[in-house]
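Taking the working numbering, the leading residue of the sequence shown gets 5, the next gets one more, and so forth. Below is one structure; the comments refer to it alone.
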Amino acid sequence: MRVLVAGAGGMLGADVVAVAGSRGHECFGLARGELDVTDEHAVEATIARLAPEAIVNCAAWTDVEGAESLEPAALAVNGTGAGNLARAAAAVGAHLVQVSTDYVFDGTATRPYVESDPTNALSAYGRTKLAGEGEVIAASREHAVVRTAWLFGPGGKNFVTTMLRLGAGAGDELAVVTDEVGCPTYTGHLAPRLVEFAERRAAGVFHLAGAGHCSRNAFAKAIFEAAGLHLRVTETTQAQLAMAAPRPPWSVLGSERDVEPLPSWHDGLAAYRARAPEVFGQ
Ligand SMILES: NC(=O)c1ccc[n+]([C@@H]2O[C@H](COP(=O)([O-])OP(=O)(O)OC[C@H]3O[C@@H](n4cnc5c(N)ncnc54)[C@H](OP(=O)(O)O)[C@@H]3O)[C@@H](O)[C@H]2O)c1
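Following this line, the structure appears as structure tokens:
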């Protein structure tokens, strides 16, 4: 199969390109410099030239804090950009897998969110990703929207690298929020499933995140333990940290669809450490 990966220079995009190649697909991994998804004409021309049968969109504005003051710029990538890809794909009969986020929910649920639950994004980032979902579904009911969460993996700035950086300079304790509970997800577990969704032209909205859930605080403890760092993780809240973007206090993803769950986030963290020991100082 001919597979185009947009946002191939990113953390998830790099893993999707590697997996697609290892599964024998002819893969065109395009970083932002090679395909800017906000450029409608470039998107159409590239899709016409490469004639992919499947597209995985990993391109996104992922600066959650920055999006609060630059929402139109974030919307251009996460909303309009996703729509450009979705319409161009539909026009040539290519299937699109759009990657979305748990931040489309407001966090007021008391059980894991399933695909049909009402969305209500709290942050600019969440709103722009939700707009992207709408554009993709409007372009074709045959495309897939895959909501995932709290990604970590090689080649990217993520919560694990942030904690290890902060932990290294923190002395003997670090305060981490308890009022964000979600599903940490290893890109090495998610990427093969996105390619599989492309292979079988899965349609509609899916939730796919690391099994189990935890608070950011508990995740930080597990990260420090994996790195052999003896640091006391104390409790704080989003309000105390005065973050620009409100995050859902609870964004655990479940599924009402017939989807095989991903391995647990504990397994994901162990796999990440085995693959990139240098990140963990080992
Ligand atoms: N990270 C998470 O915790 C998380 C959680 C849930 C869902 N997601 C979703 O997962 C997907 C992958 O995220 P990630 O963590 O791999 O993020 P990432 O490492 O920031 O990758 C995103 C990539 O998109 C590229 N990009 C930005 N604007 C673009 C444009 N106009 N045209 C083409 N490419 C553009 C970026 O390039 P530059 O580096 O040059 O800007 C970057 O390489 C995104 O859809 C994100 O919303 C992420």
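For glycine and all other residues, C-beta sits at the position ideal for the given N, C-alpha and C. What you are looking at is a predicted structure, and each value in this text was computed from that prediction instead of being measured.
> Given 8 Å as the limit, is there contact between the region 227-243 and the region 80-99, that is, 3 or more CB pairs closer than that?
Replying inline: no
>> Closer than 7 Å to a non-hydrogen atom of ligand 1 - does that hold for the CB of threonine 123?
In response: no
> Who are the Cβ neighbours of valine 263 in its own chain at under 8 Å, not counting the five residues just before and after it?
Replying inline: Phe210, His211, Leu212
> Who are the near neighbours of arginine 279 in its chain, counting only those whose CB is closer than 7 Å to its CB and skipping five residues on each side?
Replying inline: Pro158, Gly192
> Under a Cβ-count criterion, where at least 16 other Cβ atoms within 10 Å of its own Cβ denotes burial, should alanine 202 be classed as buried or exposed?
Replying inline: buried
> Name the DSSP bridge partner or partners of threonine 238?
Replying inline: Ala179
> Contact check, glycine 171 vs leucine 178 under 8 Å by CB: the rounded distance?
Replying inline: 6 Å
>> Checking the sheet assignment: what are the DSSP bridge partners for glutamine 102?
In response: Asn61, Val149
>> Need the endpoints of the alpha helix (DSSP H) that phenylalanine 32 sits in, please.
In response: Element bounds for phenylalanine 32: not the alpha helix (DSSP H) but the beta strand (DSSP E), 30-34.
> Any idea what DSSP makes of leucine 266, helix, strand or coil?
Replying inline: coil
>> With DSSP as the reference, identify every bridge partner of alanine 10, one or two as the case may be.
In response: Leu34, Asn61
>> So, for arginine 131: in the same chain, excluding its five sequence neighbours on each side, which residues have a beta-carbon less than 6 Å away from its beta-carbon?
In response: Ala125
>> For the alpha helix (DSSP H) containing histidine 296, name the first residue and the last one.
In response: Not covered by the structure: residue 296. The range shown for the chain is 5 to 286.
> Since valine 101 contacts leucine 198 with CB under 8 Å, what's their CB separation in whole angstroms?
Replying inline: 5 Å
> Is the region 73-86 close to the region 135-146, with three or more CB pairs under 8 Å?
Replying inline: yes
>> For a quick check, are the C-beta atoms of valine 7 and alanine 195 less than 8 Å apart?
In response: no
> DSSP state of histidine 211, grouped into three classes?
Replying inline: strand
> Alpha carbon to alpha carbon, how far is alanine 64 from proline 188?
Replying inline: 19 Å
>> For ligand 1, I want to know if cysteine 31 counts as a neighbour, meaning its beta carbon is within less than 7 Å of at least one of the ligand's heavy atoms.
In response: no
> Which one of Gln242, Glu119, Gly173, Gly272 has the shortest CA to CA distance from leucine 155?
Replying inline: Gly272
>> Can you list, in chain order, the residues of its chain with a C-beta nearer than 6 Å to that of alanine 18? Leave out the 5 residues immediately preceding and following it.
In response: Gly159
>> Quick test of the definition: if touching needs 3 or more C-beta pairs under 8 Å, does the region 237-252 touch the region 69-82?
In response: yes
>> Suppose contacts are defined by Cβ-Cβ distances below 8 Å. Is glutamate 260 in contact with valine 140 by that definition?
In response: no
> By Cβ distance below 6 Å, which residues in the same chain neighbour glycine 258 in space, the five residues on each side in sequence not counted?
Replying inline: Pro116, Val118
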